[in-house]
Structures are given as structure tokens and as C-alpha cells.
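Q: Numbering (numbering that gives the first Met the number 0), first residue to last: 0 to 254. Where is the CB? At the ideal position from N, CA and C, for every residue including glycine. Note that this is a predicted model, so its numbers are computed, not measured. Got a structure here, written out as C-alpha cells. Questions coming.
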Amino acid sequence: MISADEDNPTTGDDSRKRRNRVAFDTAATKRQKFTGVVASEESQEEEVGDSSGEKIDGTIEESTTTEKISDTGKEAANNEDEYEVEAIVAHKVYRSNAVKYYIKWVGYDSKENTWEPAKVIHKSCPKLCAAYWLQKNITVPINVPLIPHPPQVPAALRRFADRLKENNIDENSIIPTYRNQGFQLAYGRNYPKPDTVWEKELRAIHFIHKITGTDQALAYVSWMNTDKTVHAIQELHERCPELVVLYYEARMTFH
């Protein structure tokens with residue numbers, strides 16, 4: 000749940016009460032300084048948009064967004080009233096940055112909607128902000144906290160990624176020395192691709208090691224394009240078996 004700002008003369012007592020300085024880190028001087036910046040920005044705003052991405056002139060139309068997010072931050076610690084954001088209805092943008100959001104509150108009529116500083120909403124409701132902007136066909140402001148999508152693994156490589164998942168192998172399974180050098184699991188990355196010619200583009204196999212408690216081994220390789228990736232050993236057996244043989248032969252010892 001988040002709290003709002005107390006400067007809007009058009010809202011009722013309830014919404015003014017919602018607007019408290021907790022939302023601005025409880026520092027009155029900081030709040031006054033921030034409010035002043037917003038005031039100067041609003042006088043030069045590039046765009047005011049509603050939830051459909053259309054520009055609007057003073058009239059706000061409520062979005063159909065119903066996702067609810069709450070912030071349990073400083074309000075509880077300061078015994079302030081807590082309020083829950085139901086939807087972001089509209090936005091204001093200045094110089095490619097979101098500066099204000101028009102907020103619909105849970106349990107309050109739309110006439111109680113209030114404009115809130117973007118930095119407060121970004122911190123309190125990052126997922127709601129991301130969902131709000133993802134539904135638009137406009138340029139997303141550079142300060143919006145977008146939620147990344149999980150990486151997609153090509154079908155041709157999925158069985159190798161599944162082997163690692165079945166054995167609970169992830170980025171934390173990479174040997175720290177190699178992880179610090181920039182080695183990352185190959186699956187979900189842009190390179191190598193399913194059509195990469197390993198014999199030509201693979202620079203070296205650096206290390207192969209078995210994961211304790213499993214029947215799975217990982218291979219650490221580097222590429223001509225300077226990428227460094229970690230693969231299920233089965234993938235190397237299929238893609239570059241001769242190079243795997245050379246790796247083991249170079250490390251054979253005779254007694």
C-alpha cells in the first residue's frame with residue numbers, strides 16, 4: 000500500500016489524508032523540493048496520457064485495469080493509514096521520463112483519484128507499472144521499471160536445458176572462478192544459435208566437470224565472438240564430438 004501527496008485542492012478530505020509525507024520518505028524538506036520540481040516539469044509537460052495511450056486534456060477516463068498491489072513500507076512503521084492501489088488510470092511524461100500517475104484507489108470512487116509522483120509508484124508498484132506500459136503502443140519512458148520476460152530456449156536446445164533443470168542446475172552451479180570470468184549458462188541466451196557451426200566458431204573447451212550428486216556434467220566453452228557459455232555435456236557430444244575427444248586426449252596421463 001502506498002500513500003499519496005497532500006497538495007491537490009480538488010480532492011476531498013479522505014484523499015488529502017491519503018496524501019501524506021510518508022510517501023516522500025517522511026522528510027518534509029525533501030518533499031517540498033520534489034513537489035517544486037514536479038511543478039516546474041508540469042508547466043512544460045510533453046504528454047498527458049490515459050490508460051489507452053491517448054493524449055488527454057484535463058478529462059481522465061478510468062482504465063479497466065483491476066490488478067491490485069500494495070506497499071507495506073513506511074506507513075505501517077509510522078502508524079499511518081494504509082491505502083491500496085487498484086489501477087493506474089493515466090500518466091504524465093516530461094523529457095522521456097514518467098513524472099506523474101493518476102491513481103485509482105481500492106475502496107474509493109473514481110472522483111477520489113489522485114495524481115502521484117512517478118518515483119513513488121515505481122518503487123511501490125513496479126509490476127503494476129510494467130503491466131500499465133506493456134499494454135500501450137507508445138514509447139515507454141526510460142525510468143519505468145519493466146519486468147523482464149523469462150528467456151526463451153529454442154526448441155532444438157530445450158532438451159539440454161531440461162536436463163539441467165531436472166538436476167536443479169542453474170547459474171549458481173557454475174564454478175565461481177569461471178562465473179567471475181563471465182561464463183553463463185547457454186540456454187536462453189542469443190548465442191550460440193541452433194545453426195551455429197561449432198567446429199568453426201568454438202574457440203576452446205576450457206573445463207568439463209561433473210555436478211556432485213547428479214549424473215550430469217557441465218562444459219565451459221569460449222567462442223570466437225568472445226562469448227563464454229556453459230553447456231550440458233550431451234550438447235557437446237552431439238555438436239562437436241571431435242573437440243571433446245581432443246579435450247580429453249590433451250589431459251590424459253600415462254603411468
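In whole angstroms, give me the CA-to-CA distance for Y247 and T213.
A: If you number the sequence shown from 1, residue 247 lands on position 248. If you number the sequence shown from 1, residue 213 lands on position 214. Each residue's alpha carbon lies about 21 Å from the other.
Q: Rounded to the nearest angstrom, what separates L184 and Y101 at their Cα positions?
A: Taking the sequence shown and counting its residues from 1, one reaches residue 184 at position 185. Taking the sequence shown and counting its residues from 1, one reaches residue 101 at position 102. Going by the C-alpha atoms only, they are around 42 Å apart.
Q: Take A203 as the anchor and find which of D226, D194 and P175 has the nearest alpha-carbon.
A: Position 204 of the sequence shown, counting from 1, holds the residue named residue 203. The option with the nearest alpha carbon to A203 is D226.
Q: If we ignore side chains and look at the alpha-carbon of each, how far apart do D108 and A86 end up?
A: Locating residue 108 in the sequence shown gives position 109, where the first residue counts as 1. Locating residue 86 in the sequence shown gives position 87, where the first residue counts as 1. Each residue's alpha carbon lies about 12 Å from the other.
Q: If you check the beta carbons only, do P116 and K99 fall under 8 Å apart?
A: As a working mapping, residue 116 is identified with position 117 in the sequence shown. As a working mapping, residue 99 is identified with position 100 in the sequence shown. Contact flag set, yes.
Q: Assuming N166 contacts I232 (C-beta within less than 8 Å), just tell me the rounded distance between them.
A: Along the sequence shown, read from residue 1 onward, the residue named residue 166 stands at position 167. Along the sequence shown, read from residue 1 onward, the residue named residue 232 stands at position 233. At roughly 12 Å, the Cβ-Cβ gap does not stay under 8 Å, so N166 and I232 are not in contact.
Q: From E40 to S95, what does the alpha carbon distance come to, in whole angstroms?
A: One-based indexing of the sequence shown puts residue 40 at position 41. One-based indexing of the sequence shown puts residue 95 at position 96. Residue confidence is low: E40 scores 36 on pLDDT, short of 50, so the model does not pin down where it sits. No coordinate-derived value is stated.
Q: Work out the CA separation of N171 and R178 for me, nearest whole Å.
A: The sequence position of residue 178 within the sequence shown is 179, counting from 1. The sequence position of residue 171 within the sequence shown is 172, counting from 1. In a straight line, the C-alpha of R178 is about 9 Å away from that of N171.
Q: What residue does the beta strand (DSSP E) around Y100 start on, and which one ends it?
A: Here residue 100 refers to the residue found at position 101 when the sequence shown is read from its first residue. Run containing Y100: N96 to W104, per the beta strand (DSSP E) assignment.
Q: Does L201 pass the burial test, meaning 16 or more other C-beta atoms within 10 Å, or should it be called exposed?
A: Numbered from its first residue, the sequence shown carries residue 201 at position 202. When all chains shown are included, L201 counts as buried.
Q: Nearest-angstrom Cα distance between W104 and N112?
A: Position 105 of the sequence shown holds residue 104. Position 113 of the sequence shown holds residue 112. Cα to Cα, the separation comes out at about 7 Å.
Q: Who are the near neighbours of E198 in its chain, counting only those whose CB is closer than 8 Å to its CB and skipping five residues on each side?
A: Against the sequence shown, residue 198 aligns to sequence position 199. Answer for E198: C239, E241 and L242, listed in chain order.
Q: Can you give me the Cβ contacts of A160 inside the same chain, cut-off strictly under 6 Å, excluding the 5 residues immediately before and after it?
A: Position 161 of the sequence shown holds residue 160. Excluding residues within five positions, the ones whose Cβ falls inside 6 Å are V152 and Y186.
Q: Nearest CA to the CA of Q215: which residue from F182, D169 and D194?
A: The sequence position of residue 215 within the sequence shown is 216, counting from 1. Closest by C-alpha distance to Q215, out of F182, D169 and D194, is D169.
Q: Report yes if the CB atom of P140 is closer than 8 Å to the CB atom of A129, and no otherwise.
A: Counting from 1 along the sequence shown, the entry for residue 140 is found at position 141. Counting from 1 along the sequence shown, the entry for residue 129 is found at position 130. Taking 8 Å as the Cβ cut-off, P140 and A129 do not qualify as a contacting pair.
Q: To which residues of the same chain is Y335 closer than 7 Å at the C-beta, ignoring the five residues directly before and after it?
A: With the chain running from 0 to 254 in the structure shown, residue 335 is simply not present.
Q: Could you name the residues of the same chain whose beta carbon sits closer than 7 Å to that of A155, not counting the 5 residues immediately before and after it, in chain order?
A: Residue numbering aside, residue 155 sits at position 156 when the sequence shown is read from its first letter. Taken in chain order, the residues that qualify are P193.
Q: Which parts of the region 135–201 are runs of the alpha helix (DSSP H), unbroken and 4 residues or longer, counting only runs that do not cross its ends?
A: 154–165, 175–179 and 197–200
Q: First and last residue of the beta strand (DSSP E) that includes A86?
A: Here residue 86 refers to the residue found at position 87 when the sequence shown is read from its first residue. That run of the beta strand (DSSP E) goes V84 to Y93.
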